[in-house]
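Asker:
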Amino acid sequence: MASSLDLQEVLTTITQGLVDELDAAFARIWLLGSGDLCATCHKAADCTNQARCLHLEASAGLYSNLNGEYRRIPLGALKIGKIAQGFGPMQTNDILGDDRLPNKQWMQDNGLRSFAGYPLKFRWELLGVIAMFGRRPLSSEEFERLAVFANQAAIAIKNAQLFMEVAQLKNRLEAENLYLREEMKLDHNFEEIVGESQRIKAVLRQIEQVAPTDSTVLIRGDTGTGKELLARAIHSLSPRSARSLVKVNCGAIPANLAESELFGHEKGSFTGALQRRIGRFELADGGTIFLDEVGELPLDAQVKLLRVLQEREIERIGSGHSIKVDVRVIAATNRDLHAAVKTGSFRADLLYRLNVFPIEVPPLSARPSDIPLLVNRFVGKFSSKIGKKIDGVSQSTMERLMKYSWPGNIRELENVMERATILAKGSLLQVDDMMLQGNSTTPLPLADSLEEVERAHILRLLEDTNWVIEGKQGAAVRLGLHPNTLRSRMQKLGIKKPLSSS
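Using our numbering, you'd call the opening residue of the sequence shown number 1 and step up by one each time.
So, in structure tokens, the structure goes:
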């Protein structure tokens, strides 16, 4: 019993030892835990406090099933709950005549003669209860030995629990260190939020308002607008700033691995699960999780995510136990999730849970007055990185940058400034139309009617998606339409797939 630090092995050794050494018909151990199965608990009618109860963790002899009627026992209920609540040990050789023990017929059918139950205490801490039924009367010396054995069992259980806690903390620390090392490899787009326009100031005010709370935030903005930067700002200004901000790029996770990435898995739970994996939600416990491109999550993972937001608990793949997590959720997307709900690619109930505090990030074209500030920031960044002395940009370049539409937003501006710094031959950067032209798409020709505009827009998207209508990357999702609706519009507008297109 004392030679192992594996909790389940210790519990099994104790209960099986009572069966083998004292001819116990069966022996069981309940450990104190949180109220977790209240809705389906067989003893719910006897429970007065759902915060804590006794969990059946080991059983040997006649019964080895841990999911039966007595899998949870409320404190103060039945003989086991009374022993835990301080009524003291219980021992008898006259179980048929003892009013404290019900179910006389069951005891008689199984030839039971004796019962012994003891609280498991380590110093002043209640760990649980150990109990056994015997087929023969026990001597007073055996009852005394059982009391001493219960104390030794409590020490062994506590040692195993402490070792398990240390192992869990070690695993979490290793996972956090691995995550932080991966994060350090990334080159984040911006050191800080730059801008003085009214649009960006309004966003900053929203961040200041929501950061001190634990409310879920949904950041909506086009690609390249700095959604991750806003998430980092919210986390840094929150009471959770001392803990990790864990980032998950939902769009980069293969559909069959999404649940494992978010919630973790146990060793052997599926082919390739060679060891236990701590999921990103468990890693972010006490901190913040940033779900980037949340609109790309597969529907199965959306169901699990909804449960986490509702119940604040996760369950690793292959595990039968739930784990409570305290995580603040910040999500981001460049998709219209309301349109995705209509097409069936995103759950409406999940959207309502995520959209508690929405923040709309303006595109760079809506805040042109911030372009000079961003340009100066990027000039300083890349001139230092590349090792060139750059004083700024020419007046004609700044005017050109201010007039450009920036479909790729701040990320595109950053790329252009890095390219210009590399090509610079003097102290002033020059950006010509050719350099910007490589980042822009061919403009649509002017149309004379709304129908022509609609036809041209649908045609462009169909060509852009290689005439794929359905699916996440299909034209219907990008248009916010049901695939059948899009086909109907195509038929009305006379749009047909070219025979040469594959």
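Think of the CB as a built atom: it goes at the ideal place given N, C-alpha and C, for glycine as much as any other residue.
1) With a CB to CB cut of under 7 Å and the five nearest residues on each side skipped, what residues in its chain are close to Cys250?
2) Could you give the C-beta distance for Asp20 and Arg135, rounded to a whole number, given that I count them as a contact under 8 Å?
3) What's the C-alpha gap between Ser365 and Ala255?
4) Cutting at 6 Å between CB atoms, please list the residues of its own chain near Leu75, excluding the five before and the five after it.
5) Does the Cβ of Ala51 lie closer than 8 Å to at least one heavy atom of the ligand FMN?
6) Return the CA-CA distance between Ser260 and Asn110, expressed in angstroms with no decimal places.
7) Going by Cα to Cα distance, which pick from His482, Val246 and Ile253 is closest to Phe507?
8) With a cut-off of 8 Å on the beta carbons, I'd call Leu218 and Ala331 a contact; round off their distance for me.
9) Between the C-alpha atoms of Glu315 and Leu309, what's the straight-line distance to the nearest angstrom?
10) So is Pro445 buried or exposed if we call it buried at 16+ other beta carbons inside 10 Å?
11) In whole angstroms, give me the CA-to-CA distance for Leu186 and Asn415.
12) Can you tell which of Gly268, Arg328, Glu228 and Val477 has its C-alpha closest to the C-alpha of Pro239?
13) By alpha-carbon positions, which one of Asn484, Gln473, Glu470 and Leu459 ends up nearest to Pro498?
14) Pull the bridge partners of Tyr118 from the DSSP assignment, please.
15) Quick one: give me the first and last residue of the beta strand (DSSP E) that Phe378 is part of.
16) Bridge partners of Trp30, per DSSP?
17) Please go through the same chain and pick out, in chain order, the residues whose beta-carbon is closer than 7 Å to the beta-carbon of Glu9, but skip the five residues on each side of it.
18) For Ser440, collect the residues of the same chain with a Cβ closer than 6 Å to its Cβ; drop the 5 residues on either side in sequence, then sort them by chain order.
19) Gly480 and Ala252 - do their beta-carbons sit closer together than 9 Å?
20) Specify the secondary structure class of Glu293 as computed by DSSP and reduced to three states.
21) For the candidate residues Lys104, Ala154, Asp98 and Gln161, whose alpha-carbon lies nearest to that of Trp124?
22) Taking all protein chains shown into account, do 16 or more other C-beta atoms lie within 10 angstroms of the C-beta of Asp370, making it buried, or fewer, making it exposed?
23) Does Lys381 have its Cβ less than 9 Å from a Cβ in chain B?
24) Quick one: give me the first and last residue of the beta strand (DSSP E) that Ala331 is part of.
25) Taking the Cβ atom as the reference point for each residue, do Thr397 and Leu428 lie within a distance shorter than 9 Å?
26) Return the chain-ordered ranges of every alpha helix (DSSP H) run that is complete within the stretch 295–324 and spans a minimum of 4 residues.
27) Within 10 angstroms of its Cβ, does Trp406 collect 16 or more other Cβ (buried), or is it exposed?
28) Which runs of the beta strand (DSSP E) fall wholly inside the stretch 207–277 and span at least 3 residues, in chain order?
29) So, at 6 Å on beta carbons, what are the nonlocal neighbours of Gly279 in its own chain, with the 5 sequence-adjacent residues on each side left out?
30) Would the stretch 41–50 count as touching the stretch 142–159 if we require 3 or more Cβ pairs under 8 Å?
31) Classify Val166 as buried or exposed, calling it buried when 16 or more other Cβ atoms lie within 10 Å of its own Cβ.
32) Are the CB atoms of Thr223 and Asn466 nearer to each other than 9 Å?
33) To the nearest angstrom, report how far apart Leu18 and Phe87 are at their CA atoms.
34) Roughly how far, in whole angstroms, is the beta-carbon of Cys53 from the beta-carbon of Gly33, given that I think they are within contact range, below 8 Å?
35) Write down the C-beta distance between Met435 and Ala420 rounded to the nearest angstrom, noting that I regard them as a contact closer than 8 Å.
36) Would you call the CB atoms of Ala202 and Ala258 closer than 9 Å?
Answerer: In brief:
1) Leu291, Asp292, Glu293, Val294, Glu296 and Leu297
2) At roughly 13 Å, the Cβ-Cβ gap does not stay under 8 Å, so Asp20 and Arg135 are not in contact.
3) 34 Å
4) Gly81, Ala84 and Gln85
5) This structure does not include the ligand FMN; it has no bound ligands of any sort.
6) 45 Å
7) Outside the displayed range of the chain (1 to 502) lies residue 507, so it cannot be described from this structure.
8) 5 Å
9) 13 Å
10) In this prediction, Pro445 has a pLDDT of 43, which is less than 50 and means its spatial position is unreliable; what the coordinates show is noted afterwards. That one is exposed.
11) Residue confidence for Leu186 is low, a pLDDT of 41 falling below 50, so the modelled location carries little weight and cannot support an answer.
12) Arg328
13) Leu459
14) Ile130
15) From DSSP, Phe378 is part of no beta strand (DSSP E) but of the alpha helix (DSSP H) over Ile371 to Ile386.
16) Leu56 and Val129
17) none
18) Interpretation of Ser440 is limited by its pLDDT of 48, a score under 50 that renders its predicted location unreliable; the figure taken from the coordinates is listed afterwards. Here the set comprises nothing.
19) no
20) coil
21) Ala154
22) buried
23) Checking the listed chains, one finds no chain B in this structure; it contains a single protein chain.
24) Arg328 to Thr333
25) yes
26) 299–311
27) buried
28) 217–220 and 245–249
29) Leu262, Phe263 and Gly264
30) no
31) exposed
32) no
33) 23 Å
34) 7 Å
35) 7 Å
36) no
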